[in-house]
Each structure stands twice: as structure tokens, then as C-alpha cells.
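Right, one structure below, let's go through it.
In the numbering used here, the protein residues as written are 282 to 814.
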């Protein structure tokens, strides 16, 4: 990275990264630059994309900051402490606030004129001699101005109307690109099936249960084909779903998979400030963007085990989307924690597509009618192997179901999909699904035990879904080597809040897992400068 040739201002084209730096008096330039270099490299960012180094006025002449900026070939941009104090930051420090006037110089300076926090506040590593604690660094990205976005960037929310050319809205731990901006962030339309389509690979990239649909379900679907001349009648399937969850039928809406439900929510429900909790399934944000919404992101952190902090969700968010258990982190959030996100005037969308893989479906909210604004999404495609049939459903208040239904086309769910939905609500199906959840729990434990043998692999703990999320250096290279060895793994860099060092692995039977672990060992050993195992 040293000696990178970069421009020196906003006119320098595609450069969009703002590096916020806080440093103690006398912090050496080598320490500050090494910190910036490590942060950019660790996040897979290029120094050539850095636009400026930003800090508070009082630190603008610090030799360490000035020297680091000079080595990057970019200017130092300073901001008054009062202006930085108005920026909400995800990791405030009372000591820093008392000393400087802003609770995080690095994060506030990065965010004040940027739109998304890419890397949160990071301290200089190493011992005292190496400069530990002498500097902090955060990285944010500026996005092109887009019509229809929120009016405030890096500051508290205003209630001023949305105007053309406004910059996206930013607040603590939020990452708010809007619409499908070229190069603005991860590819939200990338899904695991792209990893295996047309390839003869063992599939660890898609979370659909193997050896499905079962024979009895295929027979039920096949029997429905004799009725294809008639228009679909969703009443029996809708009643079956309602009965399975103990709800009135008016609280049930059948959809062509959970993906259609996200589109309906984006188009039919009122939302001025929608927020998606990431990392999670990207389709909710993609649907909101496609419907013209400005979308805020709350980024859960790896250091916290990707666990939800309800306080990180802004008060003014009027539509919040969260997965449980969450794809791709496999984290199961406590129901009581999710309840804290609900309030009058807010729609709380909980994606429970993988909840039937959790034994006993603990932490489920699907049968709750006492939580204001709650919308629960369920999918039948994962457990029953029906991704190609497209069937799911929404559970919500009758008035919400009515709004979503009005946005659907006529006969949105096919006769075979309706037959499958009805069959999957029957007692025998529920017993089979519960047994499958128990098997997946055992198989996941076997996978986790095998991964624990790799010193190079860090696993997100407390996995509860039919997949696990892992971090390892040079994951992209490992993934490509795995493909050569016959295995497809899901890349993680298309999920907001993750990066190129992440992979998602579907849980499979023990024999498949053992073969995969052997392939992973070969893939890791083939990398140069491999650490010991």
C-alpha cells in the first residue's frame, strides 16, 4: 500500500473512502499509517480509493496524522469538535468526549460528510511500544447523491422533506445506500444458487435441505396437476396455515415464497425511514430499494457475535427488518429482544424462514398477536426442498394482510404450490420437520467440531440455523480451491456488514461433512504461508 498514487480531492473520480483518525499528541506517523494500512487491508479496501483523512480541528496539525495522509497522498480534512459531536457514532467513549468534545473522533470524522460506515473504530494493535492506544481509525464511504434519499448525512435526523439530490441518511451503526447504485456496495441480488448452477459440485452454498421434497410430498404435488385447468383456490391452504399456527385465517397471506412477501411489504406498506438489520438475507433491502425507498442499515458486529442490540435501531425507523435465525450468521435472537423493537407506528418484519429448523421453534413470534406492527414471514422452500415451486406465507394483523393482498396479482400462488402448503401443515409433516430439525442440530455439531480443528478458521458461535458462518484469511482463494475439489461454499462479501474473508457453509450429513473437511484441509494447506493447525 505504501506509495500508492491517489488523487487529492472529491474530483478524483471513483475515490470514495474517508478515513477518520483520532490520535494522541505525539503519536508517530508510522503508528498512524500502519493502523490505517491494517484497517484498509483487513476490510479488503484499496488505498487508491481513499479520498481524504479526516479528524477534529485540534488534531489537524498532528505530525502523525499529517504524515500518514502524506504517505497516502491525500489531504487532511478537519472539522470543528462541535460539528463532530452532533454525529451519532456506534462506539462512543465518555473519556474521549470529555477530552475532545466528541465521543469518537475517528467515527464522527469519517461519517460527518460520508454515507456509510465501512469499518468501525479500530485501535492501533500491539503493545505500548508499538503505539497501542495512541491512535484510532474508522473508514466511511461517500455515495453519489440520489433523488429520493433521506435528507441528512452524518447528523441527527431532520423532518425536512426528501428532495432530489439529497444525500442518504446516516446514524449510529447505520449503512444506508439507496437504490441500486453502481458500485455502491455488495451485490444484493447475488444468491447461493449462483455458486452451483450448472456445476457438478457438492452444494454447501444453498440452505435447502437435501433429499427433498420427500416422496409423499411429491405425490401430493403431482396429484394437484389434474386441477391445472381451474384457477387456483388458496382457501384450503390458507386455512391449513392458520390452523397450524392457531391464528384466524384473516391473519394469513400466502405468497410465492418469502421473496414475494418482501416485495409486497416494500410496495404496499407505508415507510418513510425503513431500516434493515445486517448481515442478513439481502432480498428485503433489494426489494425496498427497487420500490424507491431510502434504506438504512444497522450493522451488527462480529466482535459482538452478530447479536442484536435494540438500542442500535434508530427511534425514527418506521419499518425494521430482521432475520431470526439470521441468514448468514445463524444467530438466533431471543424473542424478548425482538419484542423491544416493536412500537406503535412501526412495522416490525421478522423473517423466520429458518425457524422450523430450530428444535421446538423457540424464540418464534409467528403465533403472537399482541405485538404491535408485527409481520412474520415463513418459507416452505428450505425444509421441504420447494425452492423451485415458490411457496411461503405472511402472518400479520388483518389490516396489514389486507394491504399486502391488494398489492398481489390475481392468483399469485399456483395450484401445485397450494397443494404443497396444505400438505406441509398436516401433523405428519410437522413431525417430520421436527425430526429433521433434530438431525440438523446433530449434523451441525459435527461440522462445528470439525471446523474447530482448524486454527485458521473462526466460526460464529451459537449457530442455530442449517448453516454456519466462518471467517478465514484469503477466503476467496480457499473457496476457489474448494470448487476445484468439488465443493461449493457461499461467499460472504455480498452480505452488507461482512467482507471477502467470510464464507457460509450449509450443514450436511456426517459423510458429506467429513469429505468437505478433508477438502478444506487440502485447500488451506495449498495456500502459501499457512499457519499451523
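Quick reminder that beta carbons are idealized off the backbone N, C-alpha and C, glycines included.
Does the segment 613–632 come within contact of the segment 561–578, defined as at least 3 CB pairs closer than 8 Å?
The segment 613–632 and the segment 561–578 touch, with no fewer than 3 CB-CB distances between them shorter than 8 Å.
Between residue 591 and residue 581, what straight-line distance do the alpha-carbon atoms span, to the nearest angstrom?
Our two residues, residue 591 and residue 581, have alpha carbons roughly 11 Å apart in a direct line.
What number of angstroms, rounded off, separates the C-alpha of residue 663 from the C-alpha of residue 656?
Separation of residue 663 and residue 656 (C-alpha to C-alpha, rounded to the nearest whole angstrom) is 20 Å.
How should residue 726 be labelled, buried or exposed, when 16 other C-beta atoms within 10 angstroms of its C-beta is the threshold for buried?
Classification of residue 726: exposed, given that the 10 Å Cβ count is below 16.
Quick one: what does DSSP say residue 660 is sitting in, helix, strand or coil?
If DSSP states are grouped into helix, strand and coil, residue 660 belongs with the strands.
Tell me which residues share the same chain as residue 766 and place their Cβ nearer than 7 Å to its Cβ, disregarding the 5 neighbours each side in the sequence.
Closer than 7 Å at Cβ, skipping near neighbours: 800, 803, 804.
Residue closest to residue 744, alpha-carbon to alpha-carbon, out of 396, 587, 370, 790:
Cα-wise, what sits closest to residue 744 is 587.
Distance, residue 506 Cα to residue 695 Cα:
Whole-angstrom Cα-Cα distance: 10 Å.
Would residue 488 be called buried (16 or more neighbouring beta carbons within 10 Å of its own) or exposed?
So residue 488 ends up on the buried side.
Please classify residue 297 as buried or exposed, where buried requires at least 16 neighbouring CB atoms within 10 angstroms.
Per the 10 Å Cβ criterion, buried.
With a floor of 3 residues, list each beta strand (DSSP E) that falls wholly inside the segment 561–639, ordered by position along the chain.
Every unbroken stretch of the beta strand (DSSP E) spanning 3 or more residues and falling wholly within the segment 561–639 is given here in chain order: 577–580, 600–604, 628–632.
Straight-line Cα distance separating residue 623 from residue 639
Cα to Cα, residue 639 sits roughly 23 Å from residue 623.
Since I believe residue 498 is in contact with residue 704 (beta carbons under 8 Å), could you give me their beta-carbon distance rounded to a whole number of angstroms?
Yes, they are in contact, since the Cβ atoms of residue 704 and residue 498 sit about 6 Å apart, within 8 Å.
Taking DSSP as the reference, what is the three-state secondary structure of residue 696?
DSSP places residue 696 in helix when its eight states are reduced to three.
From residue 600 to residue 547, what distance separates their C-alpha atoms?
C-alpha separation (whole angstroms): 10 Å.
Any 3 or more C-beta pairs closer than 8 Å across the segment 677–684 and the segment 527–534:
Under the three-pair Cβ rule at 8 Å, the segment 677–684 counts as touching the segment 527–534.
In the DSSP assignment, find the unbroken alpha helix (DSSP H) run with residue 421 in it and report its ends.
Counting along the chain, residue 421 falls outside any alpha helix (DSSP H), though it belongs to the beta strand (DSSP E) covering 416–422.
Please list, in chain order, all residues of the same chain as residue 774 whose beta carbon is under 6 Å from its beta carbon, the five residues on each side excluded.
The answer, listed in chain order, is 780, 781.
Looking at the structure shown, is residue 454 part of a helix, part of a strand, or coil, going by DSSP?
Model confidence at residue 454 stands at a pLDDT of 31, short of 50, so the residue's coordinates are unreliable and nothing is read from them.
Suppose you measure from the CA of residue 585 to the CA of residue 613; what does that come to, to the nearest Å?
If you take the alpha carbons of residue 585 and residue 613, they lie about 13 Å apart.
What separation, rounded to the nearest whole angstrom, lies between the Cα atoms of residue 753 and residue 486?
Using only the alpha carbons, I get a separation of about 17 Å.
Below 8 Å, can you find three or more Cβ-Cβ pairs linking the segment 509–519 to the segment 638–653?
Under the three-pair Cβ rule at 8 Å, the segment 509–519 does not count as touching the segment 638–653.
Decide if residue 720 is buried, meaning its Cβ has at least 16 other Cβ atoms within 10 Å, or exposed.
Flag for residue 720 reads exposed.
Relative to the C-alpha of residue 358, which residue among 806, 347, 578 is closest?
Residue 347 holds the alpha-carbon nearest to the alpha-carbon of residue 358 among 806, 347, 578.
Give the C-beta separation of residue 317 and residue 337 to the nearest angstrom, bearing in mind that I take them to be a contact with Cβ-Cβ under 8 Å.
Not quite, the Cβ-Cβ distance comes to about 17 Å (not below 8 Å), so this is no contact.
Quick check on DSSP: helix, strand or coil for residue 484?
Of the three classes helix, strand and coil, the one that applies to residue 484 here is strand, per DSSP.
Counting Cβ pairs, one atom from each stretch, are 3 or more of them under 8 Å apart for the segment 385–395 and the segment 416–424?
The segment 385–395 makes contact with the segment 416–424: 3 or more CB pairs, one atom from each, lie closer than 8 Å.
Around the Cβ of residue 608, are there at least 16 other Cβ atoms within 10 angstroms (buried) or fewer (exposed)?
By the 10 Å Cβ count, residue 608 comes out buried.
Output the distance between the C-alpha atoms of residue 808 and residue 715, rounded to the nearest integer angstrom.
Going by the C-alpha atoms only, they are around 41 Å apart.
Run through the DSSP bridge pairs and tell me what residue 302 is partnered with.
Answer is 418, bridged to residue 302.
Closest by CA to residue 366, which one among 372, 493, 386, 542?
That would be 386, whose Cα lies nearest to the Cα of residue 366.
Cβ shell of residue 797 (< 6 Å), same chain only, five flanking positions each side left out
Cβ within range, chain order: 768.
Rounded separation between residue 642 and residue 746 - CA only
C-alpha separation (whole angstroms): 11 Å.
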